[in-house]
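Input: a single structure, listed below in structure tokens.
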Amino acid sequence: MNFEIMLVLAILVGAVGLFAWEKVGPDIVAMLVLITLALTGLVATDEVFSGFANPAVVTVWAIYIISDGLFRTGVADYLGANILRIAGPNETRLIVGIMITVGVMSAFMNNIGATAVLLPAIVGLSKQTNLSSSKFLMPLSFASLMGGNMTLIGTPPNILASGILQEATHQYSFGFFDFLPMGLIILVSGIAYMALIGRHLLPTAKVEGDFTRSYHLRYYATEVKFLPDSPLIGKTIQQSRFGEDYDLTIISKLTTPTNAYLPSHLASTRRISGQVQPVRRTQTINSNDVFLVQGKLENILKIKNIQGLRLGSDIKLNDSDLQAGKIKIAEIVVSPSSQLIGKSLKESQFRDKFNLTVLALWRSGHPIRQKLANTPIQFGDVLLVQGSKESFNAIDRDPGLLILEPVSFESRRLDKAPASLAIMAAMLLVVTMGWLHISVAAVIAAMLMVLLKVISMDEAYRAIQWKSIFLIAGMLPLGIAMENSGAAQFLADQIIQLTNQWGPMGVLLGIYIFTLLLTQPMSNAAATVLVAPIAIDVAITLGADPRPFVMAVVIAASTAFLTPIGHQANVLIYGVGNYKFTDFTKVGLGLNLMYLIIVAVVLPVFWPLF
549 MNFEIMLVLA ILVGAVGLFA WEKVGPDIVA MLVLITLALT GLVATDEVFS
599 GFANPAVVTV WAIYIISDGL FRTGVADYLG ANILRIAGPN ETRLIVGIMI
649 TVGVMSAFMN NIGATAVLLP AIVGLSKQTN LSSSKFLMPL SFASLMGGNM
699 TLIGTPPNIL ASGILQEATH QYSFGFFDFL PMGLIILVSG IAYMALIGRH
749 LLPTAKVEGD FTRSYHLRYY ATEVKFLPDS PLIGKTIQQS RFGEDYDLTI
799 ISKLTTPTNA YLPSHLASTR RISGQVQPVR RTQTINSNDV FLVQGKLENI
849 LKIKNIQGLR LGSDIKLNDS DLQAGKIKIA EIVVSPSSQL IGKSLKESQF
899 RDKFNLTVLA LWRSGHPIRQ KLANTPIQFG DVLLVQGSKE SFNAIDRDPG
949 LLILEPVSFE SRRLDKAPAS LAIMAAMLLV VTMGWLHISV AAVIAAMLMV
999 LLKVISMDEA YRAIQWKSIF LIAGMLPLGI AMENSGAAQF LADQIIQLTN
1049 QWGPMGVLLG IYIFTLLLTQ PMSNAAATVL VAPIAIDVAI TLGADPRPFV
1099 MAVVIAASTA FLTPIGHQAN VLIYGVGNYK FTDFTKVGLG LNLMYLIIVA
1149 VVLPVFWPLF
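Residue numbers (our numbering): 549 to 1158.
Put into structure tokens, the structure is as follows:
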């Protein structure tokens, strides 16, 4: 092992460590890898940035745009709503219906998009049937990964693996439906497992329709009246520093005074069962204004004796109290494309931008209720918000924020649905017939979406998950470095040495398990970029056909079932389903073992090793 191989392996280990550490974004890790390769001279200058022009990367960002077109025109919503309606209120049939629906959708649009489309409908369906959403959301996420195995564009690993295979061999590549036989078996067996075994391992979270109870808001809210001698009179809510100084959130203003049923010190006000108004940070505090505030009980008690402030009796909030008149509350999930990620509510000016008040934030199985304004938003966070129905209509049109209630078709461009379907069908035709390369066909389809005004150009830019693009483009040069330095061949020799005693199939399964473990702490696309060159070198060394080895890699890369961080689709449903970290391992372990057996038995039938 020479110095170059040692250096490449050191970079590889460092990258995997940073991915697992999760303190640095995966896209930043990829850029650090790219810079290191350039500075060490392991990759030539003209190859360092070749990932950004790679046909596979171009195809990935084009598919994001096409998927967004299907999303905005309601095509995916319509498909999901009707199939779910057919399933009825039976838990097993619902699981099967959900998994078939999202599996088929994710074969033609990105996994996270397919999951996001059905997420609100499933949460709403759970409330209607009084069945726990935790029984359906993990099957939803898992099926989106399974369905992605069925076509070339179903998931980025398929696109990347095909490109890497063609570049390495100049002979082999995968066609659009070459993945279908194994992908269909993966999906059908996965559905059977979840319906017969997996659903019994899923937690049964209590169906909680009362947001105030589930977020523990009812014990932390009260009325505050600002008396004429308060030093805060005449200041805006932002200038008052009420939240910063007392760690309390002003939820709304109470209006329409009614003296009846009120304690004497609040005789000029009305309790929250009356009319409420959302508040902005620029709203001025006037004498005798009464606001509904929420926070920790000890913080509420601290302001009892502050000059110019009077507290009402502690209020136990119900949802009806927060939804008087035209005001409503709802849960919103932060998707990967949201511009809020990494910013606090204060930095993003959430209240001013959306005219919504964040009452609570749910993350990793528990509500965060304090210091909300300064808490950086993360992908997968669930926000409990309050505001007018008009404000929620604006949110419904933002693909970065998902309202957890059945989608309103009025918010979709139904008149453009035929155009989006025609564009998708045309792309499939030209690729299947071999008339155009998938990258060219995908870019043409994406631009047609814009030219025919299915989506705007700004929406197309926002639809692209740029972090994923930078991640893939940054990691591709590492694959080049592994090939040029001989590191890929070195690792291939080690795998052969460890597994050769079980024959070529044992070697293939060794690669499968290696990919499976690698994809848990890092992106499945990154894992594919790293392992595919090794798998190809292993096959060439054995004198075998490299295609079944690469096929094993892409299947393993799409089986991130052991942890909630293994794939973005898992992250999206993690908080909404109120899952524990170990729930994924409990359900996913048996699923992964089943797929290992399927790869060993079925894969050689469709893709013989020799």
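Positions of the beta carbon are idealized from the N, C-alpha and C atoms, including for glycine.
Being a predicted model, the structure only gives us computed values, none of them experimental.
Distances from the alpha-carbon of M698 to those of Q897, A655, A994 and A1035 put A655 closest.
Among the bridge pairs identified by DSSP, A1075 is matched with none. Per DSSP, reduced to three states, the secondary structure at E570 is coil, with no helix or strand assignment. In this structure, P704 lies near V608, with their beta-carbon atoms less than 8 Å apart.
For T797, the enclosing beta strand (DSSP E) has its first and last residue at L796 to L802. If only uninterrupted alpha helix (DSSP H) runs of at least 4 residues are considered, those enclosed by the region 890-926 are 893-896 and 898-902. When DSSP reads this structure, K773 sits in a beta bridge with V838 and R858.
Leaving aside the five residues that flank D777 on each side, the residues in its chain whose CB is nearer than 6 Å to its CB run, in chain order, G856.
Comparing alpha-carbon positions, the option among I848, D616, I880 and A592 lying closest to A1011 turns out to be D616. In summary, P1156 is exposed, with fewer than 16 beta-carbon neighbours lying within 10 Å of its beta-carbon over all protein chains present. Ranking V1135, L1144 and A610 by CA distance to the CA of M1005 puts A610 first. Annotation: the region 663-747 contains the following complete segments of the alpha helix (DSSP H) (minimum length 4 residues), in chain order: 682-695, 704-717 and 728-741. Residue environment for I745: exposed (fewer than 16 other C-beta atoms within 10 angstroms of its C-beta).
By DSSP's assignment, Q1037 forms no beta bridge with any residue. Note that the C-beta distance between A716 and I1084 is below 8 Å.
In the DSSP annotation of this structure, the continuous segment of the beta strand (DSSP E) that includes L950 starts and ends at L949 to I951. The Cβ neighbour count for N659, taken over all protein chains shown within 10 Å, is at least 16; the residue is labelled buried.
Around the C-beta of Y794, 16 or more other C-beta atoms lie within 10 Å, and the residue is accordingly described as buried. Distance between S886 and N550, taken at the CA atoms: about 45 Å.
With 16 or more neighbouring CB atoms inside 10 Å of its own CB, A878 falls in the buried class.
Membership of L1139 in any beta strand (DSSP E) is not indicated; the residue belongs instead to the alpha helix (DSSP H) covering F1129 to V1149.
Taking a C-beta distance under 8 Å as the contact criterion, A1074 and V556 do not qualify as a contact pair. Judged by pairs of C-beta atoms under 8 Å, the region 1126-1137 does not touch the region 1082-1101, as fewer than three such pairs exist. DSSP places A1108 outside both helix and strand once states are collapsed to three, so it counts as coil. By the CB criterion at 8 Å, L1026 and V1077 fall inside the cutoff.
Around the beta carbon of F1158, fewer than 16 other beta carbons lie within 10 angstroms, which makes this residue exposed. Its chain contains G723, F724 and F725 as the residues whose beta carbon lies nearer than 8 Å to that of T980, once the 5 sequence neighbours on both sides are disregarded; these appear in chain order. Going by DSSP, Q887 is part of no beta strand (DSSP E) at all; its letter is neither H nor E. Judged by DSSP secondary structure, Q831 falls outside any beta strand (DSSP E); it is assigned neither H nor E.
Partner residues in the beta bridge of L932, as assigned by DSSP, are E879 and A908.
Collapsing the DSSP output to three states places T607 in a helix. Listed as beta-bridge partners of T784 by DSSP are T832. Between the C-alpha atoms of L888 and F927 there is a straight-line separation of about 9 Å.
For G599, there is no enclosing alpha helix (DSSP H), as DSSP marks it with neither H nor E. If the five residues before and after L749 are omitted, its C-beta is found closer than 7 Å to the C-beta atoms of K1134 and V1135, all from its own chain and listed in chain order. The beta carbons of A604 and L713 sit no closer together than 8 Å.
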